[in-house]
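These protein sequence lines map, in sequence, to chains A and B. Heads up, the numbering used here is the position in the first sequence plus 894, with the first residue counted as 1. Heads up, the numbering used here is the position in the second sequence plus 19, with the first residue counted as 1. The beta carbon of each residue, even a glycine, is placed where N, CA and C say it ideally should be. The model shown is predicted, which means the values in this text are computed figures rather than measured ones.
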Amino acid sequence: MENNRGWFPVARVEEVVPRHVVQAQILGQEVAVWRDDAGQVNAWENRCPHRGVRLSIGINDGKELRCQYHGWRYASGSGQCTYIPAHPGQKPANVIKTKPYGVTERYGFVWVNLGEDADVAEVPALGLNAFTTLRSIYVAAPAAAVTGRLEGQGFAPAGDYTLEGNGTTLLIQPMDGGQTIVHGLAAGEAEGAERLALLRRHNELLTEVRDAAEREAA
Amino acid sequence: MTEAIHCTDRVALDEWHVLAAVTELPVGVPKATRLLDTDLTIERRLDDTVAVRLGETALPVRLKFGYAWTTLGSPDHELFDIPEYAEPDRRNLNAASVGLYCSAPRAVENFLDLGHFAFVHTNYLGVEPHTEIKPYKVEITAERGEIVATKCIAYQPQASLIATDGHDVEYVYRVPHPYCAILYKSNDVDPARQDVIAIFLQPSSEERVVAHMLLSVLDEVSPDAAIRAYQQLIFSQDKPILENQVPKRLPLNMRSELSARADASSSTYRRWLADHNVRYGTLPA
């Protein structure tokens, strides 16, 4: 129950493509997620430490993230500012850096932990050797309301923000007090018609849950 | 229609605020507008005078620079002046009145900023590798307590509609009001004189403004529409930046956002807002 506290899936691995920046959100906190050309994923507070512009509208050049406002550059990994174009001859002070969060990739998702010293070992062990990634569904309703609805559909809590049932593991991403994303993994590698049927079933079930939760929240 | 004043910031209340470019108001048709979270109506009469009302109560009005201004409080001062506006050969026009999802202080700070030219106004007001910002001078004047930044130099590929080549442009900036700023930039016709551009923010709320932009330029050839279009293009490049600043209110705590030497104007403006106790649109120091 305790071991997944703080780690949340925020995007599917294949969404975090090279030279792109993904805007994610957990518990009201916006996160800029980007992959460098060596494959390393970064998850940073979504604001430039200089003038607060969202880094998710910045430019991923493969090594550094460049802010759109003044072109300040931040290194993959450390988040250290490497270059201030207004003062090209000066090395930026060490204190000028983005705020990196814990980040890792597992089960086909990018996971983020807002804690400062996040331990990757605490990413929930789902006991899935083979899995099929299901459609992630956005719901304009609080996580508790969504979870409540899912429990009425044959899912049972299997840890904080995790549910199991119907041969499926659901991972809840609470964006903020009124928005939730439900990620899903089915055990086993389904193929062909079986896979299509699985995806369709999940989609129908989650659409029903979403519509009900959004009607209630509206 | 609510008649209550929904703002408790004494400094913002006791200040003059812009509401509209007079010639853009319909004649004889009251129009709803909003200032400091307070619903008002504004009406241009046949004789070009302007009435501003809070419910049934008439508010004080000033007509200046082609705009109507009002106050919800009791200012102990008149509106600042822009002497150049009265020069007979100037083209004075409202470039645009644009709604923005940002605070007024964030918009003022963007207006004062030199460092974004190469990145936000690429190929117009700046271009890489001409990104260096040389030291400039920022002071607070003794007479009116305005912020004045001088000797601000920027290399500009297309400094104005009529500029024909890239060159260094010298700017002077004034901040005479918490939500208004004026810039003077070297003119491409007469090297002895300067074009004047001002931004007057109408804070509808702490995080929503209408930006009114005054142009007072020396240009005898370009049609009004072309002069406006150029300025609107420049402004349309700033809008997505301003609407993606987090938090929307300007943090006056100098440790909340890190500054470089090029940010001298911005840092002075933040301290000036804190010294004047401007709370509306800011986060406390």
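Identify every residue that forms a DSSP beta bridge with His196(B).
-> Cys199(B)
List the residues of chain A whose Cβ lies closer than 7 Å to the Cβ of Phe138(B), in chain order.
-> Gln962, Tyr963, His964, Gly965
Listed by chain order, chain B residues near His944(A) by CB distance under 7 Å | Glu276, Leu277
Give every residue of the same chain whose Cβ lies closer than 7 Å to the Cβ of Leu1099(A), excluding the five residues on either side of it in the sequence, and list them in chain order.
-> Gln1047
Give a yes or no on whether the C-beta atoms belonging to Leu1044(A) and Thr1063(A) are separated by under 8 Å.
-> no
Thinking C-beta only, is Ile152(B) closer than 8 Å to Ala281(B)?
-> yes
Cutoff 7 Å; reference Arg125(B); Cβ partners in own chain excluding five residues on either side = Leu261, Gln264, Lys267, Leu269
In whole angstroms, what separates the C-alpha of Ala918(A) from that of Phe84(B)?
-> 45 Å
Could you please give the first and the last residue of the uninterrupted alpha helix (DSSP H) stretch that includes His1096(A)?
-> 1086-1111
Please classify Arg948(A): does DSSP put it in a helix, a strand, or coil?
-> coil
Does DSSP put Pro11(B) in a helix, in a strand, or in coil?
-> This structure gives no information on residue 11(B), because the portion of chain B shown stretches from 20 to 304.
Shortest alpha-carbon distance to Glu239(B) belongs to which of Leu180(B), Tyr203(B), Arg81(B), Leu98(B)?
-> Leu180(B)
Which residues does DSSP pair with His1077(A) in a beta bridge?
-> Leu1065(A)
Under a three-way DSSP split, which group does Val127(B) fall into?
-> helix
Sequence-distant residues of its chain with Cβ nearer than 8 Å to Glu1110(A) (five each side left out) | Ala1035, Ala1039
Given a threshold of 16 other Cβ atoms within 10 Å of its Cβ, counted over all protein chains shown, does Met895(A) qualify as buried or as exposed?
-> With a pLDDT of only 33 at Met895(A), under 50, the local geometry of the prediction cannot be trusted, and the value read off the model is given with reservation. Exposed.
List the endpoints of the continuous alpha helix (DSSP H) containing Gln251(B).
-> 243-261
Between the region 221-235 of chain B and the region 94-113 of chain B, are three or more C-beta pairs nearer than 8 Å?
-> yes
First and last residue of the alpha helix (DSSP H) that includes Tyr288(B)?
-> 283-294
Which residue's Cα is closest to the Cα of Tyr86(B): Cys199(B), Gln177(B), Asp56(B), Val127(B)?
-> Cys199(B)
Is it buried or exposed for Lys204(B), if we count other Cβ within 10 angstroms and need 16 for buried?
-> buried
Determine, using beta carbons only, whether Tyr155(B) comes closer than 8 Å to chain A.
-> no
Val1040(A), enclosing alpha helix (DSSP H) - first and last residue | 1037-1045
Do Gly185(B) and Pro195(B) have their C-beta atoms closer together than 8 Å?
-> no
Beta strand (DSSP E) segments (min. 3 residues) lying fully within the region 79-116 of chain B = 80-83, 86-89
Can the beta-carbon of Val1006(A) be found closer than 8 Å to that of Asn954(A)?
-> no
Would you check if the distance between the CB atom of Ile61(B) and the CB atom of Leu73(B) is smaller than 8 Å?
-> no
Which value, in whole angstroms, describes the spacing of the CA atoms of Leu1008(A) and Tyr174(B)?
-> 42 Å
Out of Ala40(B), Ser286(B), Asn272(B), point me to the one whose CA is closest to Ala304(B)'s CA.
-> Asn272(B)
Quick one, are the C-beta atoms of His944(A) and Trp966(A) less than 8 Å apart?
-> yes
Taking only beta-carbon atoms, is His1077(A) less than 8 Å away from chain B?
-> no
Cβ shell of Gly973(A) (< 8 Å), same chain only, five flanking positions each side left out | Asn936, Trp938, Lys991, Thr992, Lys993, Pro994
At least 3 beta-carbon pairs within less than 8 Å: the region 118-134 of chain B vs the region 278-294 of chain B | yes
With 9 Å as the C-beta to C-beta threshold (strictly closer), list the residues of the region 1083-1106 of chain A near chain B in chain order.
-> none
Can you name the residues of chain A whose CB is closer than 9 Å to the CB of Thr89(B)?
-> By Cβ distance, chain A contributes nothing, its closest Cβ being about 31 Å from Thr89(B), past 9 Å.
Which residues, in order along the region 1052-1069 of chain A, keep a beta-carbon less than 8 Å from a beta-carbon of chain B?
-> none
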